[in-house]
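A.B. asks: Quick one: the structure is below, questions incoming.
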Amino acid sequence: MWTFLLRRLWQSVIVLIGVTLISFIALQIGGDPTYLFVSENASTEEIERARRVLGFDRPLHVQYLSYVWDVMRLDFGTSLTFRQPAMDVVLAALPASIELTLFSLILAIVISIPLGIVSALYRGKPVDGGIMTFAMIGQSIPNFWMGIMMIMFFGLYLSWFPISGHVPFLRPLFHGDFARAFGNLPQTLHYLIMPALAVGSYTLARNARLVRSSMLEVLQQDYVRTARSKGISETRVIIHHALRNAWLPVVTMIGLEFGFVLGGVVVVETVFSYPGVGRLVFNAINQRDIPVVQAAVIVIALIFILLNLIVDLIYARLDPRVKL
Amino acid sequence: MALPTESPPTGATTAHMPDAQLPPAPTWRRELRRAWISMVASRWALFGLIILLIAIIVGIFGPALAPFDPNRQNIMLRLVEPGGAGPGGAVYWMGSDSLGRDVFSRLLYGARVSLLVGFAAIAVGGTIGIIAGLLSGYFGGWVDDIIMRLGDIQLAFPFILLAIMFLVVLGPGLMNIILVLGIGQWITYARIVRAETLSLREKEYVEAARAMGDSTVSIMFRTILPNIMAPLTVIASFNVASVILSEAALSFLGLGVPPNVPTWGSMLAESREHLLSNRWWLAIFPGMAIVFVVLAFNIMGDWLRDHLDPRLREQG
Amino acid sequence: MTRIRTLLMASAALSLPAVASAQAPENTIVTALSADITTFDIAQVSERGNSNIMRHIFATLETTQPDGSIAPDVAESLEITEDGTGYIYTLHEGLTCHDGESLMAEDVAYTFNRAADPDNGFTGNVPGFLFSGMQFMGAEALDDLRVQINIRTPNPIARGLIAEVMVHCKDAYEAMSIDEAGQNPVGSGRYQMVEWDRGSSVTLERVADESEAPVERLVFRIIPESSTRTAELLAGNIDLVTNVPPDQLDVIDNNPNTEVYIAQGLRRIYVGFNLSDDFAAMPGGDAIQDPMVRRALQYAVDVPSICTQLLNFECERATGLVNPPHNHPDIEPYPYDPETAEAMLDEAGWERGEDGTRFSIRFQAGRDRYLNDVNVVQAITQMLQDVGVDVELQILDWASGFVPLVRERNAGPLYFLGSGGNIWSEFIDMNDLNSVDAGTNYTHWDDPRWFDGWEVIRDPSASPEEIEETRLEMLRVFYEDGPWLHLYSQPDFYAMSDRLNFTPRQDERVYLWTATLD
């Protein structure tokens, strides 16, 4: 267990160095970003001055090494557009994205598991066919398109859900303002449903199919047959035996899927004008706000590493055959 | 009705893969026949195959079928409804877009570009991934370490961010998008190839080849690779689907191909400005094209997996 | 198929008038912006939408009116020193900032000097454009109410530039770090900021009398997707949208609860001919060195059709770089006449080759910056191709791809750009080309008939008639042999809810204290 954690820690450090180096190089090979930080009509001297102020006149390796040195002292630099600590800018946008990601995963799980079970139990029946057709199509729709369609139909035409925006829940919660956080919660969820469905549709569809196939597999296992032959009720069989094992692939996929879900988040946050990290990073890349991109990339990589660790630990608990 | 079963199209698939057997004996004729029977037995797979064939035929012959030059503008005849009159008595079967270009012709050309992006990106990613995986699995040690750590780095880096970063810097272009989407896929292949290579490395026939003095390269590509093509084919099919979706997403963000290159993704991205004013044809046709083709590749992936994986087939 | 049916239903649904249930809060104007708000520091801001919000929080010494005239704001009068390099403003008495501190001459001087201080490292519009444009030397308080702004040399546009600088109090800003100052504006304007939900919205609340600002609260929401902005407007959640895409005007107009307002903007959209020596060696770059070729291409582009079809707006084609009413009164715009264009190109020695091509040329543009720009440049490309010019269109990311090229005067040989215009002086629009080496002479044009004219204009002994004659002659040269393919001044489309009464200005400034709600 400890060697496992130590090895993970070592790998994490390498990953962090890797992601910052790659994003640094990627943003630098595009040329000098100074022009993006001066006004439309700035004079040549002004541009020169801004280049010095921003530090882009130094050699690249000096810029990177000084960055790494700062990061080791937990100084993530100052955002070039916001003129504020880059990490603060990223952390301010993070809660909204966590809400979106978590809620879309929860929706995906809550909807997909019953769908998958029903599908497996009615295997070959029209219900099964319907659910699986729906799932196949859900996996094949571009999520931004689905978002726009939902805005037009459920937002504009039916007025069921707000078209864009966000009401914070986690941010007041983190600040200890529980009254406000839970007061906001119904609104938060109301605003979240459409973007979360757009982000989670693929995961939802895939998980439904995953649950179905692992249920089918489990239902044929000896211990399930034994349980049934002992006269244990069907519901109990499903909940106690089949469902427990059907969880495994879903849990694995969630770990692997984080990056994928986050990709959806970037696009969907743009469609719904959702103030999260995805949109922030997309803008920061366009604006070459390198400190913000770096800080965001570090945060995302850390979450990814942590999430995979958690998945491994859960996996080990759920499946006694796995030893860390 | 034989519905496709699902297992994850990423690294986790290896868990379901059978231990590699000895090189398969049956001739390709017999294989093909077996495939055909299994395909006809599954109506879904047949449906997928038909869609794919249509898409590929359109991709190859599209330019010959297109009634208009897909880039010929006519701003006096913009946003014409489907079936409306085009220049010189011709008909815009699927309407015209905001620059008066024929949507039908663009859709036909778009098939070529979208499929090209899909296949080429997989070729790029697959080639890098296979080589990296073979090296990693065959040699192990520090080679394996370096390659797998690179993979970890890439996985911790959401692909879309990497793609955005490089496309912002490199600028839009067909070649750039193929490269970026391809590089985004390599690690999937590398992991599978590595796992399979690890288990094959000690097999008798590999030992035998080694004893007979075959070169390392020859063992990797002639002896090992053919035996792991089955899972790779399955993954590739799912991957083409996700690459086509990624292309659409990047086009939506304004990072896809240049605007004079018609792809379904860029057509769909352009359509969003017109949805509120009810110009549905701009969104429906490319949208359906994407959904159907992606669906077809997903179905084919399912079928290939069931077909190529005997253990699952027995269950199915 | 479920999805497809939903989709068909959705589009069918939208052919009906949208069901708008106005949920917008009372006594509050909700405005949708496309770009994110990044700062509230007057020395750091450089984006128009951002500075529009800030102008509600901060006052200026003087202010430009919609008609281009200059009116007092916190200053009640202005004197200019005899040598023309000192601007002495006298402030109104009894001004205070939002934190209660009084706003005196010392505060104004501090604002100017703080923005100019290189140690602060500001890169906004104030130090980057206004100060370098007026050649700012420093500011000093003469007494409690009189502040003097010093510039290096007399300059006809300095007054207008100074009028753009927002001012704030000293003590509050001395107490804050630059990081804090960017988030906590303390101004003396009609509104103060009450909330900044980053990436999402900014809320301002009125501090001035109702007579000076009829509406109590202003909310600015950031909605980057234009179709989402319009959908929010149709749903009744938003009162004002700027930069509406032309193809969404009809749906807004047809909705009973929303309307469209079109302002003839001042931003001059043109295709530039880059005449630098580097480009002269490039394909096509050699051809456009010849003024005859440039003139021929003017005839090849159908500007009125671009306006009506792609911008949803009837425009008059520009005849130069100066907005009406200061444009040349006797020059007619080039007509669309591809045959003349072809004949002139033949005459200039660029006949069609075997493949029908006269010459190839690269055409560079940024994306999503100007009204429908991606479509406009594609349409221009098609029109030039129709007269036998093989145009290779390159559409780059605006901020990271195109702007650096333009700034290094390296975009081209053809490039598409819009240059912000003004009407408060007849020279301000011409100022882009105030010398051959000006940073804004992106074309490297060097015709002495234009550039020598500036000497007459700047000569203090020249008579007004002499100056005007020179000016008109310069405009004629620019029209005939200039480095711009003339297009149009960009219209600005605003969409509003029914309850909002607001007349937008021509210069992209949105000042909501001039608006009322029903």
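Protein chains in written order, with the numbering used here: chain W, 3 to 326; chain C, 3 to 318; chain P, 7 to 524.
Even glycine gets a Cβ: it sits at the ideal position worked out from N, Cα and C.
The structure presented is a predicted model; accordingly, all values stated were derived computationally and were not measured.
I need the boundaries of the beta strand (DSSP E) containing P:M143, first residue and last residue.
C.D. replies: Along the third sequence, read from residue 1 onward, the residue named residue 143 of chain P stands at position 137. Where P:M143 is concerned, the enclosing beta strand (DSSP E) stretches over 142–147.
A.B. asks: With a threshold of 16 other CB atoms inside 10 Å of the CB of P:S366, please say whether the residue is buried or exposed.
C.D. replies: Taking the third sequence and counting its residues from 1, one reaches residue 366 of chain P at position 360. Label assigned to P:S366: exposed.
A.B. asks: Which word fits W:R9, buried or exposed, when buried means at least 16 other C-beta atoms lie within 10 angstroms of its C-beta?
C.D. replies: The residue given as residue 9 of chain W occupies position 7 in the first sequence. Burial call: exposed.
A.B. asks: Any residues in the segment 52–64 of chain C with a beta carbon nearer than 8 Å to a beta carbon of chain P? Which ones, in chain order?
C.D. replies: Residues: none.
A.B. asks: Within 8 Å of any Cβ in chain C, is that where the Cβ of P:T236 sits?
C.D. replies: Against the third sequence, residue 236 of chain P aligns to sequence position 230. With 8 Å as the cut-off, P:T236 counts as an interface residue toward chain C.
A.B. asks: Given this structure, state the Cα-to-Cα distance separating W:G228 from W:L221, to the nearest angstrom.
C.D. replies: The residue you call residue 228 of chain W lines up with position 226 of the first sequence. The residue you call residue 221 of chain W lines up with position 219 of the first sequence. The question names Gly, but residue 228 of chain W is Thr in the sequence shown. Using only the alpha carbons, I get a separation of about 11 Å.
A.B. asks: Along chain P, in chain order, which residues have C-beta atoms closer than 8 Å to that of C:V195?
C.D. replies: Stepping through the second sequence from its first residue, residue 195 of chain C is reached at position 193. Those within 8 Å of C:V195 in chain P number zero; the least Cβ separation is about 36 Å.
A.B. asks: Does the beta carbon of W:P188 come closer than 8 Å to any beta carbon on chain C?
C.D. replies: Counted from its first residue, the first sequence places residue 188 of chain W at position 186. So no, W:P188 is outside the interface.
A.B. asks: Count the other CB atoms within 10 Å of the CB of P:R158; is the residue buried (16 or more) or exposed (fewer)?
C.D. replies: Position 152 of the third sequence holds residue 158 of chain P. That one is exposed.
A.B. asks: Just confirm the distance between the C-beta atoms of W:I2 and P:S233, as a whole number of angstroms; I'd bet it's less than 8 Å.
C.D. replies: Shown here, chain W extends from 3 to 326; a query on residue 2 of chain W therefore has no answer.
A.B. asks: Mind pulling the chain P residues with CB within less than 8 Å of W:G157?
C.D. replies: Stepping through the first sequence from its first residue, residue 157 of chain W is reached at position 155. Near W:G157 (Cβ distances below 8 Å), the residues of chain P are A237, A241.
A.B. asks: Under 8 Å Cβ-Cβ, which residues of chain P neighbour C:P260?
C.D. replies: Within the second sequence, residue 260 of chain C is the residue found at index 258, counting from 1. Neighbours of C:P260 on chain P, chain order: L399, Q400, I401.
A.B. asks: Does any CB atom of chain C fall closer than 8 Å to the CB of W:V129?
C.D. replies: Your numbering for residue 129 of chain W matches position 127 in the first sequence. Answer no: the Cβ-Cβ gap between W:V129 and chain C never drops below 8 Å.
A.B. asks: Anything in chain A within Cβ reach of W:W162, meaning under 7 Å, just list it in chain order.
C.D. replies: No chain A appears in the structure shown, which is made up of the protein chains W, C and P.
A.B. asks: If I'm right that P:S441 touches P:F457 with Cβ under 8 Å, what's the distance once you round it to whole angstroms?
C.D. replies: What you label residue 441 of chain P is simply residue 435 of the third sequence in a count that begins at 1. What you label residue 457 of chain P is simply residue 451 of the third sequence in a count that begins at 1. Rounded, the Cβ-Cβ distance is 7 Å, consistent with contact.
A.B. asks: Please state whether the Cβ-Cβ distance between W:Q296 and W:S25 is less than 8 Å.
C.D. replies: To locate residue 296 of chain W, count along the first sequence from 1; it is residue 294. To locate residue 25 of chain W, count along the first sequence from 1; it is residue 23. It is a contact, given that the beta carbons lie within the stated cut-off.
A.B. asks: Alpha carbon to alpha carbon, what distance is there between C:L118 and W:V64?
C.D. replies: Along the first sequence, one-based indexing puts residue 64 of chain W at 62. Along the second sequence, one-based indexing puts residue 118 of chain C at 116. Approximately 41 Å between the Cα atoms of the pair.
A.B. asks: Buried or exposed: which applies to W:S235, given that a residue is buried once 16 or more other Cβ atoms fall within 10 Å of its Cβ?
C.D. replies: Numbered from its first residue, the first sequence carries residue 235 of chain W at position 233. Exposed: under 16 other Cβ atoms inside 10 Å.
A.B. asks: Quick check: is the beta carbon of C:V105 nearer than 8 Å to any beta carbon in chain W?
C.D. replies: Here the question's residue 105 of chain C lines up with position 103 in the second sequence. No - not a single Cβ of chain W is within 8 Å of the one on C:V105.
A.B. asks: Using a Cβ-Cβ cutoff of less than 6 Å, which residues in the same chain neighbour P:W451 once the five nearest sequence positions on both sides are dropped?
C.D. replies: In the third sequence, residue 451 of chain P corresponds to position 445, counting from 1. Same-chain partners within the cutoff: L281, P489.
A.B. asks: Got a sec: is the Cβ-Cβ distance from C:P160 to anything in chain W below 8 Å?
C.D. replies: Here residue 160 of chain C refers to the residue found at position 158 of the second sequence. Yes, C:P160 lies at the interface with chain W (some Cβ there is under 8 Å from its Cβ).
A.B. asks: What whole-angstrom Cβ distance do C:A113 and C:H309 have, given they're in contact under 8 Å?
C.D. replies: Reading the second sequence from its first residue, position 111 is the one you call residue 113 of chain C. Reading the second sequence from its first residue, position 307 is the one you call residue 309 of chain C. Not a contact, Cβ separation roughly 26 Å.
A.B. asks: Are three or more beta carbon pairs between the segment 179–194 of chain W and the segment 262–270 of chain W nearer than 8 Å?
C.D. replies: Judged by Cβ distances under 8 Å, the segment 179–194 of chain W makes no contact with the segment 262–270 of chain W, as fewer than three pairs qualify.
A.B. asks: Taking a cut of 7 Å between CB atoms, which residues from the segment 145–157 of chain C lie near chain W?
C.D. replies: Within the segment 145–157 of chain C, the residues whose Cβ lies closer than 7 Å to some Cβ of chain W are R151, D154, I155, L157, listed in chain order.
A.B. asks: Any idea if P:V200 is buried or exposed, counting beta-carbon neighbours within 10 angstroms, 16 or more meaning buried?
C.D. replies: Walking along the third sequence from the start, residue 200 of chain P turns up at place 194. It counts as exposed.
A.B. asks: Which same chain residues end up closer than 8 Å to W:L282 when comparing Cβ atoms and leaving out the 5 residues on each side of it in sequence?
C.D. replies: Walking along the first sequence from the start, residue 282 of chain W turns up at place 280. Excluding residues within five positions, the ones whose Cβ falls inside 8 Å are V91, V92, A95, V294, A298.
A.B. asks: Cβ closer than 8 Å: which chain C residues qualify as neighbours of P:P251?
C.D. replies: Sequence index remark: in the third sequence, residue 251 of chain P carries index 245 (1-based). Chain C residues near P:P251: E275.
A.B. asks: List the residues of chain P that W:L109 touches, going by C-beta distances under 7 Å, in chain order.
C.D. replies: Start at 1 with the first residue of the first sequence, and residue 109 of chain W comes out as number 107. Chain P residues near W:L109: none, gap ~17 Å exceeds 7 Å.
A.B. asks: Quick check: the Cα distance between P:Y179 and W:F156, rounded to an integer number of angstroms?
C.D. replies: Along the third sequence, one-based indexing puts residue 179 of chain P at 173. Along the first sequence, one-based indexing puts residue 156 of chain W at 154. Near 47 Å, if we compare the C-alpha coordinates of W:F156 and P:Y179.
A.B. asks: Give the DSSP-derived three-state secondary structure of W:F84 in the structure shown.
C.D. replies: Against the first sequence, residue 84 of chain W aligns to sequence position 82. Note: W:F84 maps to coil in three-state DSSP.
A.B. asks: In chain order, what residues of the same chain lie with their CB nearer than 8 Å to the CB of C:R212, ignoring the 5 residues before and after it?
C.D. replies: Here residue 212 of chain C is taken as the residue at index 210 of the second sequence, counted from 1. I221, listed in sequence order.
A.B. asks: Quick one: measure Cβ to Cβ for C:A192 and C:A134, integer angstroms, because I've assumed they're closer than 8 Å.
C.D. replies: Stepping through the second sequence from its first residue, residue 192 of chain C is reached at position 190. Stepping through the second sequence from its first residue, residue 134 of chain C is reached at position 132. So it is a contact: roughly 4 Å between Cβ atoms.
A.B. asks: Could you compute how far the alpha carbon of C:L297 sits from the alpha carbon of W:M138?
C.D. replies: Translated into the one-based positions of the second sequence, residue 297 of chain C becomes position 295. Translated into the one-based positions of the first sequence, residue 138 of chain W becomes position 136. Cα to Cα, the separation comes out at about 7 Å.
A.B. asks: CA-CA distance, W:H192 and W:L67?
C.D. replies: Locating residue 192 of chain W in the first sequence gives position 190, counting from the first residue. Locating residue 67 of chain W in the first sequence gives position 65, counting from the first residue. Spanning the two alpha carbons is a distance of roughly 46 Å.
A.B. asks: From C:L278 to P:V257, what distance separates their C-alpha atoms?
C.D. replies: To locate residue 278 of chain C, count along the second sequence from 1; it is residue 276. To locate residue 257 of chain P, count along the third sequence from 1; it is residue 251. Their backbone Cα atoms lie some 7 Å apart in a straight line.
A.B. asks: Is W:L264 helix, strand or coil by DSSP?
C.D. replies: Taking the first residue of the first sequence as position 1, residue 264 of chain W is located at position 262. In the structure shown, W:L264 sits in a helix (DSSP, three-state: H, G or I).
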